[in-house]
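Everything in the sequence shown is counted per our numbering, starting at 139 for the first residue and increasing by one.
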Amino acid sequence: MNDVSLIGRLTSHPELKCKANGKYVLYFNLAVDNMKSTDFIPVEVHGILVEKYSTELEKGHKIALSGKINSKNYGPNKEKRYFSVSTSYIEYLTSKSVENKSNYNELKYTPKPITDDDEIPFKF
139 MNDVSLIGRL
149 TSHPELKCKA
159 NGKYVLYFNL
169 AVDNMKSTDF
179 IPVEVHGILV
189 EKYSTELEKG
199 HKIALSGKIN
209 SKNYGPNKEK
219 RYFSVSTSYI
229 EYLTSKSVEN
239 KSNYNELKYT
249 PKPITDDDEI
259 PFKF
């Protein structure tokens, strides 16, 4: 089974290219955060999704996607291998500008001072 699901941010505006067969492909890199590092995953969009996402996706958008992993050999003796994700589904989570402009009030916790030490069952 070849199935992958990722959540991350676009590192740049997607690039639309026309292949030799006349079909369009949309390319972008997705920054996926891990606990200690960030992975940059090349993503390809094919078929009917290309037209929609070529105008809607922008740098900084946080998206969820699902698709499959592709591998291609290249180099003089085809000794090098290139991996990418070919997506069949994209869902918008947030955009970077929306997160920066959000008008929510942060709740700050302020502990109340202890006025009666007799209520504390233990002493420091």
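Using N, Cα and C, we set each Cβ at its ideal position, and we do this for glycine too.
Because the structure is a prediction, the values reported are computed rather than measured.
7 Å Cβ shell around residue i - same chain, five flanking residues per side excluded
i, result
"Ser-222", "Pro-180, Val-181, Glu-182, Asn-208"
Integer Cβ distance of residue i from residue j, believed to fall under 8 Å
i, j, result
"Ser-150", "Phe-166", "7 Å"
Length of the line joining the Cα atoms of residue i and residue j
i, j, result
"Asp-82", "Lys-216", "Shown here, the chain extends from 139 to 262; a query on residue 82 therefore has no answer."
"Tyr-230", "Ala-202", "7 Å"
"Tyr-212", "Arg-219", "6 Å"
"Gly-185", "Met-139", "22 Å"
"Lys-157", "Glu-189", "15 Å"
"Thr-232", "Tyr-162", "26 Å"
"Met-173", "Pro-152", "26 Å"
"Thr-176", "Ser-204", "18 Å"
"Pro-214", "Phe-178", "25 Å"
Candidates the options, of which the one nearest residue i by Cα
i, options, result
"Asp-141", "Glu-229, Tyr-230, Thr-225", "Thr-225"
"Lys-206", "Leu-187, Tyr-227, Ala-158, Lys-155", "Tyr-227"
"Gly-146", "Pro-214, Leu-195, Ala-158", "Leu-195"
Beta-carbon contacts of residue i that lie in its chain and below 8 Å, excluding the five residues immediately before and after
i, result
"Asn-243", "With a pLDDT of 49 at Asn-243, under the threshold of 50, the modelled position of this residue cannot be trusted, and the question is left open."
"Leu-187", "Leu-164, Thr-225, Ser-226, Ile-228"
C-beta contact flag for residue i and residue j at 8 Å
i, j, result
"Lys-197", "Leu-148", "yes"
"Leu-168", "Leu-154", "no"
6 Å CB neighbourhood of residue i in its chain, flanking five on each side removed
i, result
"Lys-210", "Tyr-220"
"Gly-160", "none"
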